[in-house]
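What follows is a set of notes on a single structure, which appears directly below.
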Amino acid sequence: MLVQRAVSYAVLVALTVVHLGAQLAAPDGAVASLTQPLLMPALAAVLVAGTAAPRPLLVRLTLVALFFSWLGDTVPRFLEGDAAFGSMVGCFLLAQVAYVLAFRPLRAQAPGARPPLGLLYLVAYLVLMRLCYDDAGSQTIPIAVYGAAITAMAALATGLGRVGGIGGAVFMLSDALIALHAFAGVDLPAHAFWVMLTYVVGQTMLVFAVRSRVSVPERNPGLQSRA
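Right, here's the structure in full:
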């Protein structure tokens, strides 16, 4: 088990470093393109290596979320234009739904799911939607639905503790950067690098928070027995 964990960590770190380096050097190049679809499977391997069977629902749903995230990284490259963007939004929407279902049992422990912190998530969502509204066009409703889903995910992720809460917020930031670039003309220096950095960091923090949660059953015994 320890060897499996070490190998999974090494693979994830290596892929992440290579991919982020490629995003800085040649964001449209072959290395960036080839390594992106490998990131989520590597992260899923970290979660599998860090948890024991039978895995509770929290872990299984997180793996489902990582699967749909992988689809979101992979499917759009075979499509063009609105179809590519729509497929990305659709796949990641399913990922967010899986995360929401995974984290929902923790809502009583999630400060982000109630005032005052919950209001900050709501305000962030509304501000982002307003910034994107004018140029969203036919994508307005899908973007609004997806924005609501990732906001709910980020808010509920606070139930995993500080690491999970930060991870959810960073993941939300990654998608906000994509939306602001697509619909509000925001273009940071090395924009793709920052999108991918926040994406990988956010998802990794969520995975580590989930693993930590199920590794300490006394903190939440009921969650361990959930089928």
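With our numbering, the residue at position 78 of the sequence shown is 114, and numbering never jumps.
Glycine residues also receive a C-beta, built at the ideal position from the N, C-alpha and C atoms.
Check your understanding: How far does the alpha helix (DSSP H) with Ala61 in it reach, from first residue to last?
Key -> Within the sequence shown, the letter at position 25 stands for residue 61. In the DSSP assignment, Ala61 falls within the unbroken alpha helix (DSSP H) covering 38–61.
Check your understanding: According to the neighbour-count rule (16 or more other Cβ atoms, all chains shown, within 10 Å of its Cβ), is Val181 buried or exposed?
Key -> Taking the sequence shown and counting its residues from 1, the one referred to as residue 181 is at position 145. When all chains shown are included, Val181 counts as exposed.
Check your understanding: Could you check where the alpha helix (DSSP H) with Leu97 kicks off and where it finishes?
Key -> Counted from its first residue, the sequence shown places residue 97 at position 61. Per DSSP, Leu97 belongs to the alpha helix (DSSP H) from 93–110.
Point to revise | Selection from Pro90, Ala50, Phe121 that minimises the alpha carbon distance to Arg251 | key: Taking the sequence shown and counting its residues from 1, the one referred to as residue 251 is at position 215. Position check: residue 251 holds Ser in this sequence, whereas Arg was assumed. With distances taken between CA atoms, Ser251 lies nearest to Pro90 out of Pro90, Ala50, Phe121.
Check your understanding: Can you give, in chain order, each stretch of the beta strand (DSSP E) that sits fully within the region 109–179 and has at least 3 residues?
Key -> Taking only runs of at least 3 residues, no beta strand (DSSP E) segment lies wholly in the region 109–179.
Review point. Roughly how many angstroms lie between the CA atoms of His55 and Asp171, to the nearest whole one?
Key: Within the sequence shown, numbered from 1, the residue matching residue 55 stands at position 19. Within the sequence shown, numbered from 1, the residue matching residue 171 stands at position 135. So the alpha carbons of these two residues sit roughly 30 Å apart.
Exercise for review: Decide yes or no for the touch test of the region 142–152 against the region 99–116: beta carbon pairs closer than 8 Å, at least 3 of them.
Suggested key: No: fewer than three Cβ pairs fall under 8 Å.
Exercise for review: Report the residue from Met232, Leu158, Ile214 whose alpha carbon sits nearest the alpha carbon of Leu192.
Suggested key: Translated into the one-based positions of the sequence shown, residue 192 becomes position 156. Of the candidates Met232, Leu158, Ile214, the one whose C-alpha sits nearest the C-alpha of Leu192 is Leu158.
**Study point:** Alpha-carbon to alpha-carbon, Gln239 and Leu233
**Key:** Here residue 233 corresponds to residue number 197 of the sequence shown, with the count starting at 1. Here residue 239 corresponds to residue number 203 of the sequence shown, with the count starting at 1. Those two C-alpha atoms are separated by around 10 Å.
Review point. Can you tell which of Ala68, Ala228, Phe139, Ile179 has its C-alpha closest to the C-alpha of Arg249?
Key: Residue numbering aside, residue 249 sits at position 213 when the sequence shown is read from its first letter. Of the candidates Ala68, Ala228, Phe139, Ile179, the one whose C-alpha sits nearest the C-alpha of Arg249 is Phe139.
Point to revise | Span of the alpha helix (DSSP H), counted from its first residue to its last, around Ala212 | key: Along the sequence shown, read from residue 1 onward, the residue named residue 212 stands at position 176. Unbroken alpha helix (DSSP H) run through Ala212: 198–219.
Point to revise | Nonlocal neighbours in the same chain, by C-beta distance under 8 Å from Leu209, ignoring five residues either side | key: Looking up residue 209 in the sequence shown gives position 173. Counting only Cβ-Cβ distances below 8 Å, and skipping sequence neighbours, we find Thr234, Gly238.
Check your understanding: Cα separation between Leu167 and Val43?
Key -> Position 131 of the sequence shown holds residue 167. Position 7 of the sequence shown holds residue 43. Rounded to whole angstroms, the gap between the alpha carbons of Leu167 and Val43 is 43 Å.
Point to revise | Assumed close pair Met241, Ile179 - CB separation to whole angstroms, cut-off 8 Å | key: Position 205 of the sequence shown, counted from the first residue, corresponds to residue 241. Position 143 of the sequence shown, counted from the first residue, corresponds to residue 179. Their Cβ separation, rounded to whole angstroms, is 24 Å, which puts Met241 and Ile179 out of contact at 8 Å.
Review point. Apart from the five residues just before and just after Met124, which ones in its own chain have a Cβ nearer than 7 Å to its Cβ?
Key: Start at 1 with the first residue of the sequence shown, and residue 124 comes out as number 88. If we look at Met124 and ignore the five residues flanking it on each side, its Cβ neighbours are Gly108, Pro112.
**Study point:** Start and end residues, alpha helix (DSSP H) containing Pro73
**Key:** Against the sequence shown, residue 73 aligns to sequence position 37. First-last of the alpha helix (DSSP H) with Pro73: 66–85.
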